[in-house]
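Protein chains: 2
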Amino acid sequence: MKIKYNLIKTDKNCKARLGNIETNYGTVETPMFMPVGTRATVKSLSPEEVLECGSGIILANTYHLWLRPGEDIVKKCGGLHKFMNWNGPILTDSGGFQVFSLAKNKKKDITEEGVHFKSHIDGSKLLLTPEKSIEIQNKLDSDIAMSFDECPPASADYEYLKNSVERTLRWAERGKKVHKNPNQALFGIVQGGPHEDLRKFSAEETVKMNFDGYSIGGVANDGESKEDMYKAIDYSIPYLPEDKVRYLMGVGDPIDILEGIMRGVDIFDCVLPTRIARHGQAFTHTGKINLNNSKYKEDLSSVEDGCDCYCCKNYTKAYIRHLISVDETFGGRLLSIHNIRFLIRLTEEVRQAIKDDRFLDYKREFLNKYKTK
Amino acid sequence: MKIKYNLIKTDKNCKARLGNIETNYGTVETPMFMPVGTRATVKSLSPEEVLECGSGIILANTYHLWLRPGEDIVKKCGGLHKFMNWNGPILTDSGGFQVFSLAKNKKKDITEEGVHFKSHIDGSKLLLTPEKSIEIQNKLDSDIAMSFDECPPASADYEYLKNSVERTLRWAERGKKVHKNPNQALFGIVQGGPHEDLRKFSAEETVKMNFDGYSIGGVANDGESKEDMYKAIDYSIPYLPEDKVRYLMGVGDPIDILEGIMRGVDIFDCVLPTRIARHGQAFTHTGKINLNNSKYKEDLSSVEDGCDCYCCKNYTKAYIRHLISVDETFGGRLLSIHNIRFLIRLTEEVRQAIKDDRFLDYKREFLNKYKTK
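Here it is in structure tokens:
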């Protein structure tokens, strides 16, 4: 079967939604943060550790897995779940974001057919099309596949975005036509930058194609402002159906997650928690802390008091600081566990708040404590 | 209490010994391989994973922990066990090996007082003495400390080695004098290169000082031949007491471990299993395999059929090869688990063989299968 989204309730005071997604790999609750396993591994973590963080769905990258090891090898290994030993649901992106971002400084040629670009690994010439993206995702056998969309730069003007939105719609249709995996849902992506009419047009036309869920894209490409992100959500959500899941792509900052949830978003993904972990940074309810700071040298407390993660239950800041400062990967691993757990715990708290119709209170209380400096 | 070695039995057909070591952190069986946690972490692994490999004692490096984070910080954190969340026994080396090997290409000045050298991190001038080494290890609070010895290069001539052995004896005595930790055993180290008379002299004089255990050093510095290693063991063992544990330092090749056990060695340590893992290599009973090899691209079998480790129970060669080839640390982590488990399983099999007085048969059967090419 494909996934099924069930809306349980909406908070009385805003658009925040409580729901769940039934999948072939279990039912997961929303709002939810999805850890990213770019190359079929959530960096440095075992599947058991990711699961212990409370993860529902994880995300894997079509572009990266297409190049290495190749979708045919993953298929021969029984699909992505079996390949990486992950028994929960998996969402694959379309590869579009990577084609546009990794090839940022390289020549790329966007045509109606697809995108001609050079591999970031060996410079070989490649062509990714809507059909190819779906074909790869079909073979990867993820539970949720994404339509191949154009990810225009934040600097793109209205005219560019208008053409881009129209092309993305044509690409979505082409992808849908070749999508064949009966156990895989396919999501459409709403684009249109910060422009109300383009978002409306993109959302309405995408919804007409009747996808299994909808994403809001173009908010985490290369430095879009927070305001533009919130506009993008506000201008898209009203045109998305209540009975389908809504996914804000590439967003993992705690504040942005809360802003997204308030506006009616259900799922989020981002490399942020694992990336900042490798650099020694940890989320806490009072803001991010940097374990490289020498003030933690002899600090016998855990990264965050009251946190129930493996890192906080067993290790001191002093030890983690040591590991980070001597470049031992176990340090990044511990902080990755903490940071993922932090975001998932955030969504757990949010779900309870929505149940109690007090999401806005929860959000205000969180923001009061969380310092961004 | 300090450790207590109990000799259970010796194989009828050779010097291989079955025994155990009582420590404040539990009783561990010998012969045994000790994984290395250089900087208070067995690279990429959690303590739970190391324990699940069947590890008894782990080794930590005095030199590295002295420089970072510093022994005073470890002490403030409650000692090494608490600092790194390891509830089993820990052996610390003296720092001597690192001073001699890391400073190999740098100017160092060996005096009667100790070794003047430059930090491999920032080039600052340092002095490590027998007293300082013991003082650091006292603070680290390991279960077993090592005497500070000189590790002469394999190229050293007889005259050099003779002087070195004598100095090492004087250093051992100075270290023993300042050793104060009542819960920490102190081992003496036998040196003397491949020379029978020097090894005899070194062993006899070291044993006169009545240490809690004895190491055979100078066999894994910088390219000593296998023959010289076996000579070093053969010439040292006869002078070591039966009721004390014997430790061959820096040895982790499966064949060398078996050769050592046959000659009466009880414990071994080496970075080999974790180091080769990070480069994609895995031990198997038919020899080492290299997961970088493209022939494993679609190989759905585990690293070693019949292995009971987490890696082999859950992952295919194809997946591990993928992780290694895209430089994901989870690949090295999985192979580290396998390689450590392999060596520990080897010693488990050896212990059973000694029980049955068939160690020599076991060794022959192992060597028949294990290809070194």
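Sequence order for the protein chains is A and B.
With the first letter of the first sequence counted as 1, position 34 gets the number 34 in this note's numbering; the numbers rise by one all the way through.
Numbering-wise, this note's numbering comes out as the position in the second sequence, counting from 1, plus 1000.
No residue lacks a Cβ here, since even glycine has one placed at the ideal position from N, Cα and C.
If you're wondering where the values come from, they're calculated on a predicted model, not measured in any experiment.
Contact between the region 297-306 of chain A and the region 247-254 of chain A is not established, with fewer than three Cβ pairs separated by less than 8 Å.
Taking every protein chain shown into account, the CB of residue 237 of chain A has 16 or more other CB atoms within 10 angstroms, so this residue is buried. Cβ atoms of residue 1185 of chain B and residue 1144 of chain B come within 8 Å of each other, at about 5 Å.
Taking the Cα positions, residue 1190 of chain B is about 25 Å away from residue 1126 of chain B. Leaving aside the five residues that flank residue 1088 of chain B on each side, the residues in its chain whose CB is nearer than 6 Å to its CB run, in chain order, 1025.
Comparing C-alpha distances from residue 196 of chain A to each of A/353, A/352, A/231, A/335 shows the shortest one belongs to A/231.
Below 8 Å, enough C-beta pairs join the region 1309-1325 of chain B and the region 69-82 of chain A to call them touching: three or more. A direct Cα-to-Cα measurement between residue 346 of chain A and residue 261 of chain A gives close to 11 Å.
The C-alpha of residue 1040 of chain B lies about 39 Å from the C-alpha of residue 1012 of chain B.
For the pair residue 7 of chain A and residue 287 of chain A, the Cα-to-Cα distance works out to about 31 Å. About 12 Å separates the beta carbons of residue 1167 of chain B and residue 1205 of chain B, which is beyond the 8 Å limit, so they are not a contact pair.
Annotation: residue 1274 of chain B has no Cβ neighbours in chain A at a cutoff of 7 Å; minimum Cβ distance is about 11 Å. Per the coordinates, the alpha-carbon of residue 198 of chain A lies some 59 Å from the alpha-carbon of residue 1283 of chain B.
Rounded to whole angstroms, the Cβ separation of residue 1034 of chain B and residue 1211 of chain B is 18 Å, and the two are not in contact under 8 Å. Residues of the region 1309-1327 of chain B that bring their beta carbon within less than 7 Å of a beta carbon in chain A comprise 1314, 1315, 1316, 1318, 1319, 1322, 1323, 1325, 1326, in sequence order. Residue environment for residue 1027 of chain B: exposed (fewer than 16 other C-beta atoms within 10 angstroms of its C-beta).
For residue 339 of chain A, no Cβ of chain B is located within less than 7 Å of the residue's own Cβ.
Residue 352 of chain A counts as exposed, since fewer than 16 other C-beta atoms from the protein chains shown sit within 10 angstroms of its C-beta. Under DSSP, residue 1270 of chain B shares a beta bridge with B/1035.
Its chain contains 40, 74, 77 as the residues whose beta carbon lies nearer than 7 Å to that of residue 83 of chain A, once the 5 sequence neighbours on both sides are disregarded; these appear in chain order. DSSP, reduced to helix, strand and coil, places residue 256 of chain A within a helical segment of the structure shown.
When rounded, the separation of the alpha-carbon atoms in residue 340 of chain A and residue 273 of chain A is 6 Å. Rounded to whole angstroms, the Cβ separation of residue 1053 of chain B and residue 1100 of chain B is 30 Å, and the two are not in contact under 8 Å. Between residue 76 of chain A and chain B, the shortest Cβ-Cβ separation is below 7 Å. Under the DSSP assignment, residue 1060 of chain B falls in the beta strand (DSSP E) whose first and last residues are 1058-1060. Chain A places a beta carbon closer than 7 Å to that of residue 1039 of chain B, counting this residue as a contact. Apart from sequence neighbours up to five positions away, the residues of its chain that approach residue 1136 of chain B with a beta-carbon distance below 6 Å are 1062, 1066, 1071, ordered along the chain.
Straight through space, the alpha carbons of residue 1259 of chain B and residue 1358 of chain B are spaced by roughly 14 Å. Taking the beta carbon of residue 297 of chain A as reference, the chain B residues within 8 Å of it are 1069, 1073, listed in sequence order. Nearest Cα to residue 1120 of chain B within the set B/1107, B/1130, B/1153, B/1114: B/1107. For the region 1078-1104 of chain B, the set of positions with a beta-carbon nearer than 9 Å to some beta-carbon of chain A reads 1078, 1082, 1083, 1084, 1085 in chain order. Taking all protein chains shown into account, residue 1044 of chain B has 16 or more neighbouring C-beta atoms within 10 Å of its C-beta and is therefore buried. Scanning its chain for C-beta atoms nearer than 8 Å, with the 5 sequence neighbours on each side dropped, one finds around residue 367 of chain A the residues 255, 258, in chain order. Contact note: residue 330 of chain A reaches chain B through 1041, 1043, 1044, 1045, 1046, using a C-beta cutoff of 8 Å and chain order. The Cβ atoms of residue 1015 of chain B and residue 1264 of chain B sit closer than 7 Å to each other. For residue 247 of chain A, the beta-bridge partners assigned by DSSP are A/215, A/267.
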